[in-house]
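Chemist:
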């Protein structure tokens, strides 16, 4: 699914990115930003409107995960709404929450990752998993 230039700019702005030199940047404080990219554009929840994942790499803002992301959903009015985000690499799972939204495993360093589920208002921690099996994160 391709986005128009206007939609691309709207996605970056809704993700909190700003223009810095020739790129969009979510971590504006990073002295050497790599720039944000739109990784994925597809309908994740079956409502006929696209969702977009914006990601950015770097340890300055995202620590050992080395990457941050924002999930945005196109709304009926044409605007883009942030749905989820944080440090780590999102993986959309087959399991689903309210409104047919997919659960998101947020990967990073280690072997037991948080899985967030849409509860109708926000993505919230639901469980921890590693390779599809429940786990307990180390304390």
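Residue numbers (our numbering): 680 to 818.
Just so it is clear, CB atoms sit at the ideal spot from N, CA and C, and this is done for glycine as well.
Bear in mind the structure is a predicted one, so any value in this text is a computation, not a measurement.
By the three-class DSSP mapping on this structure, what secondary structure does residue 742 have?
Modeler: Here the question's residue 742 lines up with position 63 in the chain shown. Residue 742: helix per DSSP, three-state reduction.
Chemist: Would you mind stating whether residue 721 and residue 730 have Cβ atoms separated by less than 9 Å?
Modeler: Translated into positions along the chain shown, residue 721 becomes position 42. Translated into positions along the chain shown, residue 730 becomes position 51. Contact flag set, yes.
Chemist: Count the CB pairs spanning the segment 789–800 and the segment 761–781 that are closer than 8 Å, and state whether there are at least three.
Modeler: Touching, yes.
Chemist: Within 10 Å of its beta-carbon, does residue 683 have 16 or more other beta-carbons around it, so buried, or fewer, so exposed?
Modeler: Locating residue 683 in the chain shown gives position 4, where the first residue counts as 1. Exposed, since its Cβ has fewer than 16 Cβ neighbours within 10 Å.
Chemist: Restricting to runs no shorter than 3 residues, where is the beta strand (DSSP E) found entirely within the segment 715–796?
Modeler: With a minimum length of 3 residues, the continuous beta strand (DSSP E) runs that stay inside the segment 715–796 are 716–721, 730–736, 746–753, 759–766, 768–775, 781–786.
Chemist: Specify the secondary structure class of residue 687 as computed by DSSP and reduced to three states.
Modeler: Here the question's residue 687 lines up with position 8 in the chain shown. Helix, per DSSP.
Chemist: With DSSP as the reference, label residue 692 as helix, strand or coil.
Modeler: In the chain shown, residue 692 corresponds to position 13, counting from 1. Three-state DSSP puts residue 692 in a helix.
Chemist: With H, G and I counted as helix, E and B as strand and the rest as coil, what does DSSP make of residue 803?
Modeler: Numbered from 1 along the chain shown, position 124 holds the residue referred to as residue 803. Residue 803: strand per DSSP, three-state reduction.
Chemist: From the DSSP secondary-structure annotation, give me the bridge partner or partners of residue 812.
Modeler: Position 133 of the chain shown, counted from the start, is the residue given in the question as residue 812. DSSP output for residue 812 lists 809 as bridge partner(s).
Chemist: Can you tell me the Cβ-Cβ gap for residue 741 and residue 766, rounded? I've got them flagged as a contact below 8 Å.
Modeler: In the chain shown, residue 741 corresponds to position 62, counting from 1. In the chain shown, residue 766 corresponds to position 87, counting from 1. Correct: roughly 4 Å between the Cβ atoms.
Chemist: Just to confirm my understanding: we take residue 699, look at its own chain, exclude 5 residues before and 5 after, and list those with CB closer than 7 Å. What are they?
Modeler: What you label residue 699 is simply residue 20 of the chain shown in a count that begins at 1. For residue 699, where only same-chain residues beyond five positions count, the Cβ hits under 7 Å are 707, 712.
Chemist: Compute the distance between the beta-carbons of residue 732 and residue 781, then report whether it is under 9 Å.
Modeler: For the purposes of this step, residue 732 is identified with residue 53 of the chain shown, where counting begins at 1. For the purposes of this step, residue 781 is identified with residue 102 of the chain shown, where counting begins at 1. No.
Chemist: Along the chain, where does the beta strand (DSSP E) containing residue 680 start, and where does it finish?
Modeler: Against the chain shown, residue 680 aligns to sequence position 1. Looking at the DSSP string, residue 680 is not in any beta strand (DSSP E), and its letter there is neither H nor E.
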